[in-house]
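Trainee: Quick one: structure below, then a few questions.
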Amino acid sequence: MSRTITFSRNVFLPLTNVCANACGYCSFKASVADGCVMPETEVLATLRRGAEFGCTEALFTFGERPENEPGFRRYIEAAGYPDILSYCEAMSRAALELGMLPHTNAGILTYEELERLRCVNASMGLMLETTADIPAHRHSPGKDPAVRIEMMADAGKLKIPFTTGLLLGIGETASDREESLAVIRDLHKRYGHIQEVIIQNFCPKEGTEMSGVPGASQEIIADTIRLAAEILPQDISLQIPPNLADAARLLPLGVTDLGGVSPVTIDYINPEHPWPALDALAEIAAGYELRERLCVYPQYCNPEWISPELLPLVERLAKRVYG
25 MSRTITFSRN VFLPLTNVCA NACGYCSFKA SVADGCVMPE TEVLATLRRG
75 AEFGCTEALF TFGERPENEP GFRRYIEAAG YPDILSYCEA MSRAALELGM
125 LPHTNAGILT YEELERLRCV NASMGLMLET TADIPAHRHS PGKDPAVRIE
175 MMADAGKLKI PFTTGLLLGI GETASDREES LAVIRDLHKR YGHIQEVIIQ
225 NFCPKEGTEM SGVPGASQEI IADTIRLAAE ILPQDISLQI PPNLADAARL
275 LPLGVTDLGG VSPVTIDYIN PEHPWPALDA LAEIAAGYEL RERLCVYPQY
325 CNPEWISPEL LPLVERLAKR VYG
């Protein structure tokens, strides 16, 4: 097992909470209303603050297909953009100008949309969550496992350094978790693009359909990490969120990364679970060498995987961070 534990210093920018899915465990989704699009002034101010704090990653998220929600298009057009993808593209370029690498999690995107964002994103992500058909996803067409696997394959074809992962405790079984990890393994064997896999435990939220569901136990989390370490190739980093699980206890099981941690912004997906302070990460990783990384791992910092528009900045930051 590696004695090095990595993390990324980032800013978290949820461009909109409007989403065409309605997952039973989600408190991120919001209605179409005033304020449903993060103002450009706020995005730019957050990016500038992130740059001041030495952040290297701009994590852009937004609800899946918000234009499918009645009334949303009026708000994104009022912000000066024809759609949320154009807004993300413009803000990604703003991040690049400030010396930060964009990483976008946008839900399901077409091949053409992935290709478009690849020009301004060093890496991208989509949680597989599970290959199982579960009640929590019955109102979420974008959570169809086949649709998500197809997008992950498209990212591989486009040579996009990619992050995916499992969400534990949402109604899946142990065999479902094993199957999900095997699917990720096989995609990576075919395309070589999966740079990290997140093992994330579902945290129940008040006011959601699954508020009374306890989520995954520590035993299930630990067993899944052990299973992932066995199934996944060694060149895939295994990540746990340090604000959601007992990271110090889980590190010896095969974890190699603590994910993106922000000195500037909160975790908008799990706001009730604040990030640990950056200096607290050293306590969590006591006994390991804690090392900062970029949102794109070293083996992908080259022209084969990075678009020409990003390559100079990626190479400059890689030299500084990776040596």
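Sequential numbering of the sequence shown, starting at 25, is according to the working numbering. Even for Gly, the Cβ is constructed at its ideal location relative to N, Cα and C.
1) From this set, Cys227, Val320 and Gly311, which residue's C-alpha is nearest Arg33's C-alpha?
2) In angstroms with no decimal places, state the Cα-to-Cα distance between Gly189 and Glu136.
3) Consult DSSP for Ser147 and reduce its assignment to one of helix, strand or coil.
4) Cβ atoms of Ala82 and Leu37: under 8 angstroms apart, would you say?
5) What number of angstroms, rounded off, separates the C-alpha of Val35 from the C-alpha of Val207?
6) Whole angstroms are fine: how far does the CA of Arg201 sit from the CA of Thr40?
7) Identify, in the order they occur along the chain, each residue of the same chain with its Cβ nearer than 8 angstroms to the Cβ of Leu120, setting aside the five sequence neighbours on each side.
8) What is the DSSP secondary structure of Pro298, reduced to helix, strand or coil?
9) Start and end of the alpha helix (DSSP H) containing Ala206?
10) Based on the DSSP output, what are the partners of Thr289 in its beta bridges?
11) Would you mind reading off the limits of the alpha helix (DSSP H) that contains Ser110?
12) If I measure Cβ to Cβ from Phe77 and keep anything under 7 angstroms in the same chain, skipping five residues before and after, which residues do I get?
13) Thinking Glu196 and Ala170 are a contact (beta carbons under 8 angstroms), I'd like their distance in whole angstroms, please.
14) Do you know how far the Cα of Ile184 is from the Cα of Pro327?
15) What span of residues does the alpha helix (DSSP H) with Phe96 cover, start to end?
16) Could you have a look at Arg27 and say whether DSSP puts it in helix, strand or coil?
17) Inspect the beta-carbon positions of Gly193 and Ala252 and report whether they are closer than 8 angstroms.
18) Considering just the uninterrupted stretch of the alpha helix (DSSP H) at Thr187, what are its terminal residues?
19) When you compare the CB positions of Leu211 and Met176, do they come within less than 8 angstroms of one another, or not?
20) Write down every uninterrupted run of the alpha helix (DSSP H) in the stretch 36-80 whose length is 4 residues or greater and which is fully enclosed by it, in chain order.
21) Is Pro298 buried or exposed, if buried means 16 or more other CB atoms sit within 10 Å of its CB?
22) Taking the straight line between their C-alpha atoms, what separation do you get for Ser331 and Leu71?
23) Identify, in the order they occur along the chain, each residue of the same chain with its Cβ nearer than 8 angstroms to the Cβ of Leu318, setting aside the five sequence neighbours on each side.
24) Mind checking whether Gln263 and Glu233 have CB atoms under 8 angstroms apart?
25) May I have the straight-line CA-CA distance separating Gly236 from Pro228, to the nearest angstrom?
26) Could you name each continuous beta strand (DSSP E) segment of 3 residues or more that falls completely within the stretch 214-254, going from the start of the chain to the end?
27) Mind reading off the beta-carbon distance from Ala269 to Ile245? Whole number of angstroms is fine, and I expect it under 8 angstroms.
28) Classify Glu296 as buried or exposed, calling it buried when 16 or more other Cβ atoms lie within 10 Å of its own Cβ.
29) List the DSSP bridge partners of Thr128.
30) Between Gly284, Tyr49, Gly311 and Asp303, which lies nearest to Arg273 when the distance is taken from Cα to Cα?
Mentor: Considering the structure as presented:
1) As a working mapping, residue 33 is identified with position 9 in the sequence shown. For the residues Cys227, Val320 and Gly311, the minimum Cα distance to Arg33 belongs to Val320.
2) Your numbering for residue 189 matches position 165 in the sequence shown. Your numbering for residue 136 matches position 112 in the sequence shown. If I take the Cα positions, the gap works out to 23 angstroms.
3) The sequence position of residue 147 within the sequence shown is 123, counting from 1. Correct three-state label for Ser147: strand.
4) Reading the sequence shown from its first residue, position 13 is the one you call residue 37. Reading the sequence shown from its first residue, position 58 is the one you call residue 82. A contact, by the Cβ cut-off of 8 angstroms.
5) Residue 35 sits at position 11 when you count from the first residue of the sequence shown. Residue 207 sits at position 183 when you count from the first residue of the sequence shown. Between Val35 and Val207, the C-alpha separation is close to 30 angstroms.
6) Residue mapping note: residue 40 aligns to position 16 of the sequence shown, counting from 1. Residue mapping note: residue 201 aligns to position 177 of the sequence shown, counting from 1. For Thr40 and Arg201, the distance between alpha carbons rounds to 30 angstroms.
7) By one-based count along the sequence shown, residue 120 stands at place 96. Only Pro126, Val144, Glu333, Leu334 and Leu337 meet the Cβ criterion.
8) Numbered from its first residue, the sequence shown carries residue 298 at position 274. At Pro298 the pLDDT is 49, less than 50, meaning the model places this residue with poor confidence; the figure from the coordinates comes in the next sentence. Here Pro298 sits in coil by DSSP.
9) Translated into positions along the sequence shown, residue 206 becomes position 182. That run of the alpha helix (DSSP H) goes Ala198 to Tyr215.
10) Your numbering for residue 289 matches position 265 in the sequence shown. According to DSSP, Thr289 bridges with nothing at all.
11) In the sequence shown, residue 110 corresponds to position 86, counting from 1. Counting along the chain, the alpha helix (DSSP H) containing Ser110 begins and ends at Ile108 to Glu121.
12) Start at 1 with the first residue of the sequence shown, and residue 77 comes out as number 53. Around Phe77: Pro287 and Val288.
13) Start at 1 with the first residue of the sequence shown, and residue 196 comes out as number 172. Start at 1 with the first residue of the sequence shown, and residue 170 comes out as number 146. The Cβ separation is near 16 angstroms, so there is no contact.
14) For the purposes of this step, residue 327 is taken as residue 303 along the sequence shown, with counting starting at 1. For the purposes of this step, residue 184 is taken as residue 160 along the sequence shown, with counting starting at 1. Cα-Cα distance, rounded: 11 angstroms.
15) Here the question's residue 96 lines up with position 72 in the sequence shown. Note, Phe96: alpha helix (DSSP H), Phe96 to Ala102.
16) Residue mapping note: residue 27 aligns to position 3 of the sequence shown, counting from 1. Reduced to three states, the DSSP call for Arg27 is coil.
17) For the purposes of this step, residue 193 is taken as residue 169 along the sequence shown, with counting starting at 1. For the purposes of this step, residue 252 is taken as residue 228 along the sequence shown, with counting starting at 1. Contact: no.
18) What you label residue 187 is simply residue 163 of the sequence shown in a count that begins at 1. Looking at the DSSP string, Thr187 is not in any alpha helix (DSSP H); the run it does join, the beta strand (DSSP E), is Phe186 to Leu192.
19) The sequence position of residue 211 within the sequence shown is 187, counting from 1. The sequence position of residue 176 within the sequence shown is 152, counting from 1. Against a cut-off of 8 angstroms, the Cβ pair of Met176 and Leu211 comes out as a contact.
20) 64-76
21) In the sequence shown, the residue the question calls residue 298 occupies position 274. With a pLDDT of 49 at Pro298, under the threshold of 50, the predicted position of this residue should be treated as unreliable, though the coordinate-derived value follows. Per the 10 Å Cβ criterion, exposed.
22) The residue labelled residue 331 in the question sits at position 307 within the sequence shown. The residue labelled residue 71 in the question sits at position 47 within the sequence shown. If I take the Cα positions, the gap works out to 21 angstroms.
23) If you number the sequence shown from 1, residue 318 lands on position 294. Closer than 8 angstroms at the Cβ level, and outside the excluded window around Leu318, lie Ser32, Thr80, Glu81, Leu125, Ala146, Cys325, Val338, Leu341, Ala342, Val345 and Tyr346.
24) On the sequence shown, residue 263 is found 239 positions in, with the first residue counted as 1. On the sequence shown, residue 233 is found 209 positions in, with the first residue counted as 1. Not a contact, by the Cβ cut-off of 8 angstroms.
25) What you label residue 236 is simply residue 212 of the sequence shown in a count that begins at 1. What you label residue 228 is simply residue 204 of the sequence shown in a count that begins at 1. Cα to Cα, the separation comes out at about 7 angstroms.
26) 218-225
27) If you number the sequence shown from 1, residue 269 lands on position 245. If you number the sequence shown from 1, residue 245 lands on position 221. Contact holds; Cβ gap of about 6 angstroms.
28) Taking the sequence shown and counting its residues from 1, the one referred to as residue 296 is at position 272. The predicted model places Glu296 with a pLDDT of 48, which falls under 50 and marks its position as unreliable; any figure quoted below should be read in that light. The residue in question, Glu296, is exposed, as its Cβ has fewer than 16 Cβ neighbours within 10 Å.
29) As a working mapping, residue 128 is identified with position 104 in the sequence shown. Paired residue(s): Phe84 and Met148.
30) Along the sequence shown, one-based indexing puts residue 273 at 249. Answer by Cα proximity: Gly311.
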